[in-house]
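Trainee: Please find one structure pasted underneath; my questions will follow.
Residue numbers (my numbering), protein chains in the order written: chain A, -16 to 141; chain B, 28 to 160.
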């Protein structure tokens, strides 16, 4: 296990999730996730993203299968970065689409409590159809904003 | 995806630090990194400055591979912009640094996170492209 067990509950919160890829010319590509699911048994993340934003992402993954995912708690900025190897992609199931709408409602409600426009965010990021991208985590990094941040988090099994 | 090229002056509301931006970088070994950044500051028609607060993976990456891609959100219309940047230099004093530091101090007071928003340097980037996504 690479991802600490306590991250399972952390990841169930309406965090801000973004993935990034890069091509072999080292031009990166960030994409907003409309939700993430995590399987602790296999250290596998499934990241949901609007297909509209994935043009370069899949070109990158075709030549370089390394992915990064960041999850940040919006009140505290506590965040972790998960890096690993791309596994697969597919269209989202209806159950996953329903989850994404629930997740984005909770996520934008938090942003609304900060004074941002929840409808504005939904308009910006909700663009069906959605794609599910899976990768196996091989490294976890602390990304909370503090001096010394960025260190790798290792579990006893990793 | 249709992507419309825009000029830096057209996205000034997205550069006010109202909504934190996302930045992605890559190491020379083709390992991506993605994180939030407090501030992307307008310098001139072809340059912006990014706040350097911690020596983290983003800073390490751009020192070895200068390409950075940022996603900015307009706080008025919630339009998204993808900005491709090339790192040029790091400034630890001067007008740009002082102005960024003042803006970060203001953000820190509003968000009660003074320990997070201390500016170490203003990193200057050349704007390669901006597209509306």
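By construction, the Cβ of each residue, glycine as well, lies at the ideal position given by its N, Cα and C atoms. This structure is a prediction, so every number in the text was calculated from the model and none was measured.
Is residue 81 of chain A helix, strand or coil when you go by DSSP?
Mentor: helix
Trainee: Quick one: give me the first and last residue of the beta strand (DSSP E) that residue 68 of chain A is part of.
Mentor: DSSP places residue 68 of chain A inside the beta strand (DSSP E), whose first and last residues are 62 to 74.
Trainee: State the Cα-Cα distance for the pair residue 127 of chain B and residue 118 of chain A, rounded to the nearest angstrom.
Mentor: Distance from the CA of residue 127 of chain B to the CA of residue 118 of chain A, rounded to the nearest whole angstrom, comes to 37 Å.
Trainee: In angstroms, rounded to a whole number, what distance separates the CA positions of residue 72 of chain B and residue 19 of chain A?
Mentor: The alpha-carbon atoms of residue 72 of chain B and residue 19 of chain A are separated by roughly 37 Å.
Trainee: State the Cα-Cα distance for the pair residue 94 of chain B and residue 155 of chain B, rounded to the nearest angstrom.
Mentor: 9 Å
Trainee: Decide yes or no for the touch test of the region 92 to 108 of chain A against the region 98 to 106 of chain B: beta carbon pairs closer than 8 Å, at least 3 of them.
Mentor: Yes, since at least three Cβ pairs between the region 92 to 108 of chain A and the region 98 to 106 of chain B fall closer than 8 Å, the two stretches touch.
Trainee: What is the DSSP secondary structure of residue 54 of chain B, counted as helix, strand or coil?
Mentor: coil
Trainee: What is the DSSP secondary structure of residue 46 of chain B, counted as helix, strand or coil?
Mentor: coil
Trainee: I'd like to know whether the C-beta atoms of residue 131 of chain B and residue 53 of chain B end up nearer to each other than 8 Å.
Mentor: no
Trainee: Keeping to the same chain, check which residues put their C-beta closer than 7 Å to that of residue 134 of chain B; ignore five residues upstream and five downstream.
Mentor: 44, 65 and 144
Trainee: Residue 31 of chain A and residue 115 of chain A: beta carbons closer than 8 Å?
Mentor: Yes, Cβ-Cβ distance for residue 31 of chain A and residue 115 of chain A is below 8 Å.
Trainee: Checking 8 Å against the spacing of the C-beta atoms, do residue 61 of chain B and residue 69 of chain B come in under that value?
Mentor: No, the pair does not count as a contact, with Cβ atoms beyond the cut-off.
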